[in-house]
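Q: Sharing a structure here in structure tokens format.
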Amino acid sequence: KTSDVIEHFSLDNELFGVGTAPNEEILSIENASNCIENKVESLKIGASIHKHIRQYIRPHLKPGLKLSTLANLIEDKCMEMTKEQGILKGIGFPSSLSVDDCAAHFTPSKLYDVTLNKDSILKVDFGVQVNGWIIDSAFTIAFNDKYSELLKAVKAATYTGIKNAGVDVNIKEWGKDIQEVMESYEVNLDGETYPVQVIQNLGGHNILKNKIHGGTFLPGAHISYYPDNLRFQEGVYAVETFGSTKSNWVEERKNENTIYMNKAFSTSKLAKDKNLSNFYAKLLKKYSTMPYCNRYLDLDYESKQYIPRMNKLIEKQVVSAYPPLHCKNGGMTAQYEHTIYLGDNFGVPNKIVLSESTDY
Ligand code: MN
Ligand code: MN
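In my numbering, the protein residues as written are 792 to 1151.
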């Protein structure tokens, strides 16, 4: 049985400090209202905004940067460019800014923040939502070029997945090919050689309207218990892979920042506790099916007030928690991710790598 972690699914760049910034036309958000029912057009607008935000944050990615500053740069720009439309005002999900052995799901808050140093390896994973359609794309940045082979390995693996994806392609076989590519690399760190390993319990996923994880897990490795007959269908997919120098598995680190998602769509389980029920009603109204985090709750509540309540909601299985995911045996990690559209136009396969640009 796949672990709960697989329910998540979570970038790159050999840009050691500088890199080519995407310089593309920004599709107008004003056009979004003309394409309410057109997911591909909505995704194209979201992708052009994603690329623009990458270009905007690039000069800030330096040692000394605080992750809360970066999250605000990303999300404020996103709200501005999407004109605050949608449940999270155009934000696809809380910016996942995971450092070193943390692969995914760290997002800063008042209580937990991180400042980058010259040896940090940062995964920048953020989302843009237009008309309910989410672009999910990520890259890795390191300031020290000793990580360059790790970044190359993961980028090559993700691009292998993108190249091989298509309607009717068998997903289990697809994962196996990704692993072969990633694991053909090795990294030399401080005199030691490490073969790159795929993190097997993280991977891609399909994307549905207002739902970042649509229920299909896309493995980046051969997983023996993965269903034999699952195939790609017409739709939107986030193709992502994670590599590590020492681990093939991640585990949750609780009691740090957590990303949340509402699970119950009424307050009926909370009838006995009026305060908690009222609190949850507000969360349901504000976030609906979209993920949120302590940093957002920091704006409305004192941490002493909301943390115990959130813990109770998790305990009662009303809310799901997605804590930061760290390498089980340590090691450094990298990630690259693109959102793609797979279609079949009267027998002619159609693939659009929506979030791809000149940076990655
Ligand atoms: Mn992502
Ligand atoms: Mn993802």
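C-beta atoms are modelled at their ideal positions from N, C-alpha and C, and glycine is treated no differently.
In this text, all values refer to a predicted model and were calculated from it rather than measured experimentally.
What did DSSP end up calling D916 once you bin it into helix, strand or coil?
A: D916 falls in the strand class under three-state DSSP.
Q: Taking 6 Å as the cut-off, does the CB of E1031 come closer than this to any heavy atom belonging to ligand 2?
A: The answer is yes for E1031.
Q: Taking the CB atoms as reference points, tell me whether S833 and A862 lie closer together than 7 Å.
A: Their beta carbons are not under 7 Å apart, which means S833 does not touch A862 by this criterion.
Q: Quick test of your reading: T1058 and A894, contact by CB under 8 Å. State the CB separation rounded to the nearest angstrom.
A: With 8 Å as the limit, T1058 and A894 do not qualify as a contact, their Cβ atoms being about 34 Å apart.
Q: Indicate the three-state DSSP secondary structure (helix, strand or coil) for I1143 in the structure shown.
A: Looking at I1143 - three-state DSSP - the assignment turns out to be strand.
Q: Cα-Cα, which of L980, Y1016 and E866 is closest to D899?
A: According to the sequence displayed, residue 899 carries Pro and not Asp. Answer by Cα proximity: E866.
Q: Using a threshold of 6 Å, is the CB atom of A929 nearer than that to any non-hydrogen atom of ligand 1?
A: Yes, the Cβ of A929 comes within 6 Å of a heavy atom of ligand 1.
Q: In whole angstroms, what separates the C-alpha of T1149 from that of E1106?
A: Cα to Cα, T1149 sits roughly 45 Å from E1106.
Q: Assign K857 to one of two classes, buried (16 or more other C-beta atoms within 10 Å of its C-beta) or exposed (fewer than that).
A: Label assigned to K857: exposed.
Q: Quick one: grab the DSSP three-state call for V923.
A: A quick correction: the sequence has Gly, not Val, at residue 923. Residue state, collapsed to three classes: coil.
Q: Would you tell me roughly how many angstroms separate the C-alpha atoms of D1089 and K901, rounded to the nearest one?
A: Distance between the alpha carbons of D1089 and K901 is about 7 Å.
Q: In the DSSP output, what is K868 paired with across the bridge?
A: Paired residues: none, contrary to the question.
Q: With DSSP collapsed to three states, give me the class of D803.
A: Residue confidence is low: D803 scores 27 on pLDDT, short of 50, so the model does not pin down where it sits. Its coordinate-derived value is still stated next. Coil at D803, not helix or strand.
Q: Leaving aside the five residues before and after P1010 along the sequence, list all residues of the same chain whose C-beta is less than 6 Å from its C-beta, in chain order.
A: Once the five neighbours on either side are set aside, the close Cβ partners of P1010 are G966, G994 and Y1017.
Q: Expressed to the nearest angstrom, what Euclidean distance is found between the alpha-carbon atoms of Q970 and N997?
A: Rounded to whole angstroms, Q970 to N997 spans 20 Å at the Cα level.
Q: Would you call G877 buried or exposed, if buried means 16 or more other Cβ atoms sit within 10 Å of its Cβ?
A: Burial call: buried.
Q: Can you tell me whether DSSP reads K880 as helix, strand or coil?
A: Reduced to three states, the DSSP call for K880 is coil.
Q: Using a Cβ-Cβ cutoff of less than 7 Å, which residues in the same chain neighbour V1041 once the five nearest sequence positions on both sides are dropped?
A: Excluding sequence neighbours, V1041 sits near V796, A894, I990, N992, L993, L1116, H1117, C1118 and K1119.
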